[in-house]
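With my numbering applied, the sequence shown has no gaps in its numbers, which climb one by one up to 441 at the end.
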Amino acid sequence: TNPVIRNTLLQCLIMVVLYQLWCRNVGYQMDYTPTDMEDADTTDASKTQTKEYHGIRKDVQTVLTAEKSSFDDRYTAALRYLDALAKPVGSLGVLEKWAARLSAIQRTIEPNVDVISCLIFAADHGIAAPISEGGEACSSYPQVVTRHVIASLSAGTGAASVLSKHHGVPLRVVDVGLVGETDTTSVVTDGSYKLVNGTRNFCKETCTIDGGGAMTVKEMEGCIQAGRDALEGWVTECGATVVALGEVGIGNTTSSAAILAVLTENQTSIENVCGFGARLVHDPDPSVLQKKVDIVKRALVLHQFMTPNGDTGVNAEKKTADSKALAESVLSKLGGAEIASLVGAILQASEMNICVLIDGYICITAALVAAYLSPDATRVFLFATRSAELGGYNCALERIQQIGKGSSSIPLESPALDMDLRLGEGTGAVCAVPLVKSVVCLLKEMSTLEDIMNAAG
């Protein structure tokens, strides 16, 4: 027998065997029966989809556009399509899971990510003010640096503005709590609600007079609404279908550490959630970290989230049965205006079925609060980067993943980037934008094994 003919026949036999194995183990028949649960995930993409699909693409699109399909139904269908692509199953890791999440949220096998925007909230913290002005000087940098960062973002020279410009990401910075007035530009705007003096020092007894802390309940609610308004307005203005979130606020790692200590039940081990924050040198003195731990402990004792001897405080105990009330209490007493606005933006994005790229330590703190307030919001989370503030970040991520399991059987993915990032400003989220675009390219352009076999005749 001619060796060339023999080798050709052998290759054909191998391809037939592989195709049969694929049909048995992956296949493309979507045995889909809509669940009784119906959610509100409807987007323009699903309403205007007119493209004709065939084979597994058609089956998956049927599930994605079915009126009563749940998020879990749609995610599973999209992931099954990804498994059918011409590659080892699951070999693209988090990229595949992001692709499935985007498809499930937008209800289409070809999600739209033409415009991914960045939304940053900025505010000052009372604990960052100089001690002579009633603050704690909690940061290595003075409070006024927040305003200088905003000026650089407006001028296009700040880190987030440079990265956004490079990646074609429209940028909006919203002032929700900078001390004094802000010069508004095409980039920097005032929020629909603003704390004109920033937050109060939550370590001071005087901040509890009106039952509040860093913010009163009314102030917190105003900042949350400002975040909702900013997200909706910015998405409408620029047409974004995915939003990268960020923040600016000297002192906000201390505020976040205090929030995380309570919401991740680390009151007795505050060191687990504290990091150095913004550094002046590569290897800070341990006393810098100890100062932050001491500030957080004083705040938790003052607001009765823990006792002086380290036991769980009465405010944490009495609200354990109502996680929403606990999250609101923690946010108002220990939070920042920009953190509250991030919470509002996340909740609004969830209601609008828009995925959000969650940046580092501050943003995941806001994401945790949002998850407490609305567990379904976790559907839209894309964790962009693991923060170098590792202890607190991992505690928050683990808790969010636990909350997410209560509303969906689909596990939340690990962060896409792990590069020791700790700048904030949404820089990690913007760096992940090319990854989001990559996952959609896979869905739109990659061949399935079925395509390859059909092409081979």
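Note that CB positions come from ideal geometry on N, CA and C, so glycine has one too.
Check the C-beta distance from Tyr65 over to Arg85 and give it rounded, since I have them as a contact under 8 Å.
The residue you call residue 65 lines up with position 81 of the sequence shown. The residue you call residue 85 lines up with position 101 of the sequence shown. With 8 Å as the limit, Tyr65 and Arg85 do not qualify as a contact, their Cβ atoms being about 13 Å apart.
Count the C-beta pairs between the stretch 180 to 188 and the stretch 249 to 262 that are closer than 8 Å, then say yes if the count reaches three, no if not.
Touching, no.
Sequence-distant residues of the same chain with beta carbon closer than 7 Å to Lys281, five excluded per side
Residue mapping note: residue 281 aligns to position 297 of the sequence shown, counting from 1. Excluding sequence neighbours, Lys281 sits near Ile254.
Here's the rule: buried if 16 or more other CB atoms are within 10 angstroms of the residue's CB, otherwise exposed. What is Ser145?
On the sequence shown, position 161 is the one that residue 145 refers to. Ser145 comes out buried.
Three-state class that DSSP yields for Cys339 in the structure shown:
Your numbering for residue 339 matches position 355 in the sequence shown. Here Cys339 sits in strand by DSSP.
In the structure shown, what three-state DSSP assignment does Ala262 receive?
Taking the first residue of the sequence shown as 1, we reach residue 262 at position 278. The answer is coil: DSSP assigns Ala262 none of H, G, I, E or B.
Decide if Gly259 is buried, meaning its Cβ has at least 16 other Cβ atoms within 10 Å, or exposed.
Taking the first residue of the sequence shown as 1, we reach residue 259 at position 275. Buried.
Does DSSP put Arg406 in a helix, in a strand, or in coil?
Numbered from 1 along the sequence shown, position 422 holds the residue referred to as residue 406. In the structure shown, Arg406 adopts coil according to DSSP, grouped into three states.
Leu215 and Ala329 - do their beta-carbons sit closer together than 8 Å?
The sequence position of residue 329 within the sequence shown is 345, counting from 1. The sequence position of residue 215 within the sequence shown is 231, counting from 1. Less than 8 Å divides the Cβ of Ala329 from the Cβ of Leu215.
Tell whether a beta-carbon distance below 8 Å holds between Ile342 and Glu231.
Within the sequence shown, the letter at position 358 stands for residue 342. Within the sequence shown, the letter at position 247 stands for residue 231. No, they are not a contact pair.
Could you have a look at Ser431 and say whether DSSP puts it in helix, strand or coil?
One-based indexing of the sequence shown puts residue 431 at position 447. Secondary structure at Ser431: coil, using DSSP grouped into helix, strand and coil.
Specify whether the stretch 106 to 122 and the stretch 223 to 237 touch according to this definition: at least 3 beta carbon pairs, one from each stretch, less than 8 Å apart.
Flag = yes, the stretch 106 to 122 and the stretch 223 to 237 touch.
Tell me whether Cys102 sits in a helix, a strand or coil according to DSSP, three-state version.
Position 118 of the sequence shown, counted from the start, is the residue given in the question as residue 102. DSSP places Cys102 in strand when its eight states are reduced to three.
Those runs of the beta strand (DSSP E) which lie wholly inside the stretch 63 to 123 and span at least 3 residues:
Segments of the beta strand (DSSP E) lying fully in the stretch 63 to 123: 100 to 107.
Where Glu203 falls, given that 16 or more other Cβ within 10 Å makes a residue buried
In the sequence shown, counting from the first residue as 1, residue 203 sits at position 219. So Glu203 ends up on the buried side.
Quick one: using the 10 Å Cβ neighbour count with 16 as the cut-off for buried, is Ala29 buried or exposed?
As a working mapping, residue 29 is identified with position 45 in the sequence shown. Legend: pLDDT at Ala29 = 42, less than 50; position of this residue unreliable, value from coordinates given subsequently. Buried is the label assigned to Ala29, since at least 16 other Cβ atoms lie within 10 Å of its Cβ.
Can you confirm whether the stretch 114 to 123 touches the stretch 371 to 390 when touching is taken to mean that 3 or more C-beta pairs between the two stretches lie within less than 8 Å?
Contact between the stretch 371 to 390 and the stretch 114 to 123 is absent: fewer than three C-beta pairs spanning the two stretches fall below 8 Å.
If you draw a straight line from the alpha carbon of Met430 to that of Asp167, how long is it in whole angstroms?
The count along the sequence shown starts at 1 and reaches residue 430 at position 446. The count along the sequence shown starts at 1 and reaches residue 167 at position 183. Put simply, the backbone Cα of Met430 is about 47 Å away from that of Asp167.
Could you give the first and the last residue of the continuous beta strand (DSSP E) run that contains Ser371?
Taking the sequence shown and counting its residues from 1, the one referred to as residue 371 is at position 387. Per DSSP, Ser371 is one residue of the beta strand (DSSP E) stretching across Thr369 to Ser371.
Just how far apart, CA to CA, sit Phe289 and Val201?
Start at 1 with the first residue of the sequence shown, and residue 289 comes out as number 305. Start at 1 with the first residue of the sequence shown, and residue 201 comes out as number 217. For the pair Phe289 and Val201, the Cα-to-Cα distance works out to about 17 Å.
Unbroken beta strand (DSSP E) run spanning Thr169, endpoints
On the sequence shown, position 185 is the one that residue 169 refers to. It is not in any beta strand (DSSP E) - Thr169 carries neither H nor E in the DSSP assignment.
Starting from Val180, trace the alpha helix (DSSP H) both ways and give me its first and last residue.
Walking along the sequence shown from the start, residue 180 turns up at place 196. Here Val180 belongs to no alpha helix (DSSP H), and DSSP marks it neither H nor E.
Spatial distance of Ser170 from Val246 (CA atoms)
Locating residue 170 in the sequence shown gives position 186, counting from the first residue. Locating residue 246 in the sequence shown gives position 262, counting from the first residue. A direct Cα-to-Cα measurement between Ser170 and Val246 gives close to 38 Å.
Going by DSSP in three states, Met437 sits in which element: helix, strand or coil?
Taking the first residue of the sequence shown as position 1, residue 437 is located at position 453. In this structure, Met437 counts as helix in the three-state DSSP scheme.
At the level of alpha carbons, what is the spacing between Ile346 and Gly39?
As a first step, residue 346 is located in the sequence shown; it is residue number 362 there, counting from the start. As a first step, residue 39 is located in the sequence shown; it is residue number 55 there, counting from the start. Spanning the two alpha carbons is a distance of roughly 44 Å.
Where does Arg365 sit, in a helix, a strand or coil, going by DSSP?
Within the sequence shown, residue 365 is the residue found at index 381, counting from 1. It is worth fixing the name first, because residue 365 is Phe in this sequence and not Arg. Here Phe365 carries a strand assignment [DSSP, helix/strand/coil].
Nearest neighbour of Gly197, chosen from Arg212, Glu312 and Asp404 [CA to CA]
The residue given as residue 197 occupies position 213 in the sequence shown. Just measuring C-alpha positions, the residue of Arg212, Glu312 and Asp404 sitting nearest Gly197 is Glu312.
Taking the beta carbon of Ala70 as the centre, do at least 16 other beta carbons fall within 10 Å, making it buried, or is it exposed?
Along the sequence shown, read from residue 1 onward, the residue named residue 70 stands at position 86. When all chains shown are included, Ala70 counts as exposed.
According to DSSP, is Leu396 part of a helix, a strand, or is it coil?
Numbered from 1 along the sequence shown, position 412 holds the residue referred to as residue 396. The three-state secondary structure of Leu396, taken from DSSP, is coil.
Can the beta-carbon of Ala368 be found closer than 8 Å to that of Leu401?
Looking up residue 368 in the sequence shown gives position 384. Looking up residue 401 in the sequence shown gives position 417. In this structure, Ala368 sits near Leu401, with a CB-CB distance shorter than 8 Å.
Give me the Cα-Cα distance between Ser53 and Pro126, rounded to the nearest whole angstrom.
Reading the sequence shown from its first residue, position 69 is the one you call residue 53. Reading the sequence shown from its first residue, position 142 is the one you call residue 126. Approximately 51 Å, taken between the alpha carbons.
Report the rounded CA-to-CA distance for Gln209 versus Thr432, giving the unit in angstroms.
By one-based count along the sequence shown, residue 209 stands at place 225. By one-based count along the sequence shown, residue 432 stands at place 448. Spanning the two alpha carbons is a distance of roughly 45 Å.
Can you tell which of Gly320, Leu357, Ser271 and Asp435 has the C-alpha that lies nearest to the C-alpha of Glu335?
As a first step, residue 335 is located in the sequence shown; it is residue number 351 there, counting from the start. Looking only at Gly320, Leu357, Ser271 and Asp435, the smallest Cα-Cα distance to Glu335 is reached by Leu357.
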